[in-house]
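Q:
Numbering (our numbering), first residue to last: 545 to 1015.
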């Protein structure tokens, strides 16, 4: 933007070779400031003489002298005879640079710099002077009452600018804007942009921003605005704790109210029109010095601002005895105890499942006589055919079986398909097995001995007594 302004300010340097006059095609000045219009001539030879320098302005198709310099007659400013706004930078026949102070919008136009030479005649260079006016910017909120109709709530003004400024509103609210331009007598333009919306109390004190952009400004100018929406008071009575009992002292009610403008006028009364004698009004507060049955009524607070009056009510119930309230600390302690029990219960369940799983893993694939006898609780008993147990058990004597008797017995047992799947064994091996297992497998016909109802089958095909003690 700065480079563009500099380019616009100084224009493009033009060198007219035929005339050897150097000027800026376009120069930009600012209203009320100073501007310089450069103009120089390069003489083509020693025989070329300059007799006079003249600045001429074209106004409405007519040419009017602005400044003249003659080496004998001096300087003359036909357009500004009584002021010193216009002057030559130096007294020279080759440097006709012109200075204009306190620029006016009327100074804008086309200027010609003319050198009267001999023998070439007039040598001319032309400059276009553009005047910019830096606008004066402002923004403010418009006080409006809350309503359901869209209306302007803020205005942003960019006055006396040239060219017209670009004015916009930035807002998160649901609103619109409208713009109006006014041409001033001095050639400047005033731009007015309103922000319109449906004014609600929620929009009060909300901030919106006016953004002004202009070529004469180094950067866009932001102007924040806080909306002012007027609305009647919103009133509530605070301080009643539902524990006003007889002889209670210094009971207090507070009339809370907000609005725009802020309510400053408050009044207290009751539903029957009169305040109890023990009640004292202290602005927004109502102090009941001593509670009695006359306080058993409805208190009314009224708040007023310039928009309206609004009231609120509070019913008071006077009790014979104060209400005993449980301490918050006790409730918190009880809650902590209950929470602790719940946490311990959850932890216990988790530990139980962990230990239970470890026990199941440890019991798999191991042989424990106690587990065999009492059961490990994790597996279903094998399905065996116990019909063979119905026959009487043969008592075992201390006599060692002979080999022939043993073979005959084994052959007979194989025909019957022993229910426990014992493989045929050699008598000596069988005797050794009985010795290893102990006396619990030596069945006896003694009624006080072990019976088959006392036995329990195991996964490996063995049987163990339920009542025997294992060491």
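By construction, the Cβ of each residue, glycine as well, lies at the ideal position given by its N, Cα and C atoms.
Please state if the CB of residue 803 and the CB of residue 777 are separated by a distance shorter than 8 angstroms.
A: For the purposes of this step, residue 777 is identified with residue 233 of the chain shown, where counting begins at 1. For the purposes of this step, residue 803 is identified with residue 259 of the chain shown, where counting begins at 1. Yes.
Q: So, helix, strand or coil for residue 914, using DSSP?
A: Along the chain shown, read from residue 1 onward, the residue named residue 914 stands at position 370. Residue placement at residue 914 is poorly supported in this model, since its pLDDT is 45, which falls under 50; the coordinates are not used for a value here.
Q: Check whether the region 674-693 touches the region 570-583, counting contact only when three or more Cβ pairs, one atom from each stretch, lie closer than 8 angstroms.
A: yes
Q: For residue 838, which three-state DSSP category applies?
A: Here residue 838 refers to the residue found at position 294 of the chain shown. It is helical.
Q: Using CA coordinates, which residue listed in 771, 642 and 841 is at the minimum distance from residue 857?
A: Sequence index remark: in the chain shown, residue 857 carries index 313 (1-based). Of 771, 642 and 841, the residue nearest in Cα terms is 841.
Q: Using a Cβ-Cβ distance cut-off of 8 angstroms, determine whether residue 768 contacts chain B.
A: Given the protein chain composition of this structure (a single chain), no chain B is represented.
Q: Kindly list the residues whose CB is nearer than 7 angstroms to the CB of residue 708, restricted to its own chain and excluding five residues on each side of it in sequence; keep chain order.
A: Residue 708 sits at position 164 when you count from the first residue of the chain shown. Hits under 7 angstroms: 725, 733 and 735.
Q: Enumerate in chain order the residues of its own chain whose CB-to-CB distance from residue 612 is below 6 angstroms, with the five nearest sequence positions on each side excluded.
A: Numbered from its first residue, the chain shown carries residue 612 at position 68. 598 and 620, listed in sequence order.
Q: Find the nearest neighbour of residue 653 within the set 569, 812 and 697, judged by alpha-carbon distance.
A: Position 109 of the chain shown, counted from the start, is the residue given in the question as residue 653. If we check each option's Cα against that of residue 653, 569 comes out closest.
Q: For the beta strand (DSSP E) containing residue 673, list its first residue and its last residue.
A: Within the chain shown, numbered from 1, the residue matching residue 673 stands at position 129. Start and end: 665-676.
Q: Closest to residue 714 by CA distance: which of 590, 703, 680 and 699 is it?
A: Within the chain shown, the letter at position 170 stands for residue 714. Ranking the options by Cα distance to residue 714, first place goes to 699.
Q: Short of 7 angstroms in beta carbon distance, which residues of its chain neighbour residue 852, apart from the five on each side in sequence? Order them along the chain.
A: For the purposes of this step, residue 852 is taken as the residue at position 308 of the chain shown. Answer for residue 852: 776, listed in chain order.
Q: What is the DSSP secondary structure of residue 650, counted as helix, strand or coil?
A: Start at 1 with the first residue of the chain shown, and residue 650 comes out as number 106. Correct three-state label for residue 650: helix.
Q: What span of residues does the beta strand (DSSP E) with residue 741 cover, start to end?
A: The count along the chain shown starts at 1 and reaches residue 741 at position 197. 733-741 is the extent of the beta strand (DSSP E) around residue 741.
Q: Counting along the chain, where does the beta strand (DSSP E) carrying residue 796 start and finish?
A: For this step, residue 796 is matched to residue 252 along the chain shown. Note, residue 796: beta strand (DSSP E), 793-804.
Q: Can you find the residues in the same chain that come closer than 6 angstroms, C-beta to C-beta, to residue 824, ignoring five residues on each side of it along the sequence?
A: In the chain shown, counting from the first residue as 1, residue 824 sits at position 280. The beta carbon of residue 824 is closer than 6 angstroms to those of 831 in its chain, skipping five residues each way along the sequence.
Q: Would you report the Cα separation of residue 861 and residue 781, rounded to the nearest angstrom?
A: Position 317 of the chain shown, counted from the start, is the residue given in the question as residue 861. Position 237 of the chain shown, counted from the start, is the residue given in the question as residue 781. The alpha-carbon atoms of residue 861 and residue 781 are separated by roughly 15 angstroms.
Q: Can you tell me the Cα-Cα spacing of residue 592 and residue 608, whole angstroms?
A: Numbered from 1 along the chain shown, position 48 holds the residue referred to as residue 592. Numbered from 1 along the chain shown, position 64 holds the residue referred to as residue 608. So the alpha carbons of these two residues sit roughly 27 angstroms apart.
Q: In this structure, how does DSSP classify residue 618 when only helix, strand and coil are distinguished?
A: Working through the chain shown from its first residue, we reach residue 618 at position 74. If DSSP states are grouped into helix, strand and coil, residue 618 belongs with the strands.
Q: Which residues does DSSP pair with residue 573 in a beta bridge?
A: Walking along the chain shown from the start, residue 573 turns up at place 29. 675, per the DSSP bridge assignment.
Q: Tell whether a beta-carbon distance below 8 angstroms holds between residue 765 and residue 759.
A: Taking the first residue of the chain shown as position 1, residue 765 is located at position 221. Taking the first residue of the chain shown as position 1, residue 759 is located at position 215. Cβ distance not < 8 angstroms, so residue 765 and residue 759 don't count as in contact.
Q: Can you tell me which of the three DSSP states residue 592 falls into?
A: If you number the chain shown from 1, residue 592 lands on position 48. In this structure, residue 592 counts as coil in the three-state DSSP scheme.
Q: Quick check: the region 635-651 against the region 577-586, are at least 3 beta-carbon pairs closer than 8 angstroms?
A: yes
Q: How long is the line joining the alpha carbons of residue 899 and residue 886, rounded to whole angstroms?
A: Looking up residue 899 in the chain shown gives position 355. Looking up residue 886 in the chain shown gives position 342. If you take the alpha carbons of residue 899 and residue 886, they lie about 20 angstroms apart.
Q: Is the beta carbon of residue 1018 sitting closer than 8 angstroms to the one on residue 806?
A: Here the chain comprises residues numbered 545 to 1015, so residue 1018 is not present and cannot be evaluated.
Q: Residue 711 and residue 1016 - do their beta-carbons sit closer together than 8 angstroms?
A: Residue numbering for the chain in the displayed model covers 545 to 1015; residue 1016 lies beyond these limits and cannot be assessed.
Q: What residue from 820, 798 and 816 has the CA that sits closest to residue 810's CA?
A: By 1-based counting over the chain shown, the position of residue 810 is 266. When each option's Cα is compared against that of residue 810, the closest is 798.
Q: Between residue 854 and residue 779, is the Cβ-Cβ spacing less than 8 angstroms?
A: Residue numbering aside, residue 854 sits at position 310 when the chain shown is read from its first letter. Residue numbering aside, residue 779 sits at position 235 when the chain shown is read from its first letter. Yes, the Cβ-Cβ distance between residue 854 and residue 779 is below 8 angstroms.
Q: Which same chain residues end up closer than 6 angstroms to residue 723 when comparing Cβ atoms and leaving out the 5 residues on each side of it in sequence?
A: Numbered from its first residue, the chain shown carries residue 723 at position 179. Only 737 meet the Cβ criterion.
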